[in-house]
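Take a look at the structure below.
Number of protein chains: 2
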Amino acid sequence: MSSEANSSSSEKILVAATRIAQAHGYAGLNLRALAEQVGIKAASLYHHFPSKADLAAAVARRYAADSAATLELLTAETDQPAMALARYPETFRRSLENGNRICLCSFMTAEYDDLPSEVQVQVQAFAEVNLAWLSGVLQEAGMKKKSAELRAQAIFAAVSGAQLMARGRQDIKLFDSLIESYRVAGLFSPDN
Amino acid sequence: MSSEANSSSSEKILVAATRIAQAHGYAGLNLRALAEQVGIKAASLYHHFPSKADLAAAVARRYAADSAATLELLTAETDQPAMALARYPETFRRSLENGNRICLCSFMTAEYDDLPSEVQVQVQAFAEVNLAWLSGVLQEAGMKKKSAELRAQAIFAAVSGAQLMARGRQDIKLFDSLIESYRVAGLFSPDN
DNA sequence: ACCTGAACACCGTTCAAGT
DNA sequence: ACCTGAACACCGTTCAAGT
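Order-wise, the sequence lines are chains A and B.
Counting in my numbering, the first sequence runs from 7 upward without gaps.
Counting in my numbering, the second sequence runs from 7 upward without gaps.
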């Protein structure tokens, strides 16, 4: 999934920073704690990334790219758009499974105003990736372009909200229950 | 709406802290900046609140109480449950109108794991207030208790997600558009 | 009762110094 | 090329000292 496969220091920093940011956000990303996880001192981080802002931007950029790859894979695995749509929430569920973490970009959307601009750009890019994929699938399922785009935004916002709420309660079953309620209400049905 | 009407120092601290926390979260609530807004030094804050955790808990407690009052007022103003339901998103829209702020508790839900427990309790209380109100209105509209509770959770999560996304884009029209999409999809319709 | 300056251990960041 | 200790201005917090 990730662009780099070897385990260089920069790579280890990126991986550890992603996990911390998913759990604690940009403000909660502590460089001294991050350095300790990687086995170096905080000052050494600056040899790999010029600043916390650049590091976080690199983390978010990869996160968006990995999400795009995951969604493409989902499209390839499913032959019917309705099936792809139904499985979309899985991508958000996985963060919850993985240590009650949330989508990096959901957390950073809350922090948006305090984010360095290079990080903001990547958070927007993540949203674009998701909206484009959802809109495409909805159009394959028969929706007109404009309606599909509006519905894509609604699904993205709703699933993000479900993930946030489930993580607050530390209850992954709540996430499943919320997605099911959305389904019952008709949010994933293109035909209305 | 608020419990206190006079403008004591404690009151001014509480009001200023609420505004800062809505924009920057618990981690972004800077005590030196807060003190400056109120016109005192950071050390003086400790004469009014024993710690940042206690201050934030007081802020969240009042926020939950004010929300409960707002929702009761909404019930009183509307005679039909469908109308009350349709106007529910207004309570979230107002934060956006007021300086692109978001619901205090949405922000704190993202930060949940890093919150002091006394603050966590109040964030949960806010959610309970909203869920109880929504569930009550949905039951008045004819839903069975269990279905109403599930749908209440779905509406709460979806509206929270919409607010978060709109604030990230700094676009209140996006919020309106998302709520409209939810309506079109059937999320606010008890009859399904 | 309320306020303050100074100090504490903590943050992100820089930089001279090491290998 | 990569790492480090020490220092900087910043955080939440404490406390002795003031009114």
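C-beta: ideal position from N, C-alpha, C; glycine also.
All of these numbers come straight from a predicted model, not from anything done at the bench.
Query                                                                                                                                               : Result
Do Leu144 of chain A and Pro196 of chain A have their C-beta atoms closer together than 8 Å?                                                        : yes
Report the CB separation of Ala174 of chain B from Ala163 of chain A in whole angstroms; it is logged as a contact under 8 Å.                       : The sequence given here has Gly at residue 174 of chain B, not Ala. At roughly 10 Å, the Cβ-Cβ gap does not stay under 8 Å, so Gly174 of chain B and Ala163 of chain A are not in contact.
Comparing the C-beta of Gly148 of chain B with each C-beta of chain A, is any distance below 8 Å?                                                   : no
Cα separation between Ser9 of chain A and Arg68 of chain A?                                                                                         : The predicted model places Ser9 of chain A with a pLDDT of 41, which falls under 50 and marks its position as unreliable, so this point remains unresolved.
Just checking: is the beta-carbon of Tyr94 of chain B within a distance shorter than 8 Å of some beta-carbon in chain A?                            : no
Hey, how far is the Cα of Ser50 of chain B from the Cα of Lys58 of chain B?                                                                         : 12 Å
Span of the alpha helix (DSSP H) holding Lys179 of chain B?                                                                                         : Ile178 to Ala191
What do you get for Glu117 of chain B, buried or exposed, if any count of 16 or more other CB atoms within 10 angstroms of its CB means buried?     : buried
In terms of alpha-carbon separation, which member of A:Ser16, A:Thr115, A:Lys150 and A:Val65 lies closest to Leu170 of chain A?                     : A:Thr115
Since Met149 of chain A is in the alpha helix (DSSP H), which residue starts that stretch and which ends it?                                        : No alpha helix (DSSP H) contains Met149 of chain A, which DSSP labels as neither H nor E.
For the segment 98–117 of chain B, which residues have a CB atom closer than 8 Å to at least one CB atom of chain A, in sequence order?             : Asn106, Ile108, Ser112, Phe113, Thr115, Ala116 and Glu117
Any beta-carbon of chain A closer than 8 Å to the one on Gly174 of chain B?                                                                         : yes
What did DSSP end up calling Tyr94 of chain A once you bin it into helix, strand or coil?                                                           : coil
Give me the Cα-Cα distance between Val135 of chain A and Ser73 of chain A, rounded to the nearest whole angstrom.                                   : 8 Å
Counting only runs that start and end within the segment 24–74 of chain B, where is the alpha helix (DSSP H) found for 4 or more residues in a row? : 37–44 and 48–51
Could you tell me the distance, in whole angstroms, from the CA atom of Arg25 of chain A to the CA atom of Arg107 of chain A?                       : 8 Å
May I have the straight-line CA-CA distance separating Leu20 of chain B from Ala131 of chain B, to the nearest angstrom?                            : 18 Å
Hey, could you find the ends of the alpha helix (DSSP H) Phe113 of chain A is sitting in?                                                           : Leu110 to Ala116
With a threshold of 8 Å between beta-carbons, can Gln159 of chain A be considered close to chain B, or not?                                         : yes
Using a Cβ-Cβ distance cut-off of 8 Å, determine whether Ser187 of chain B contacts chain A.                                                        : yes
Is Glu142 of chain A close to chain B, meaning its C-beta is less than 8 Å from at least one C-beta of that chain?                                  : At residue 142 of chain A the sequence reads Gly, which differs from the Glu that was named. Gly142 of chain A does not count as touching chain B.
State yes or no: is the beta carbon of Asp119 of chain A nearer than 8 Å to at least one beta carbon in chain B?                                    : yes
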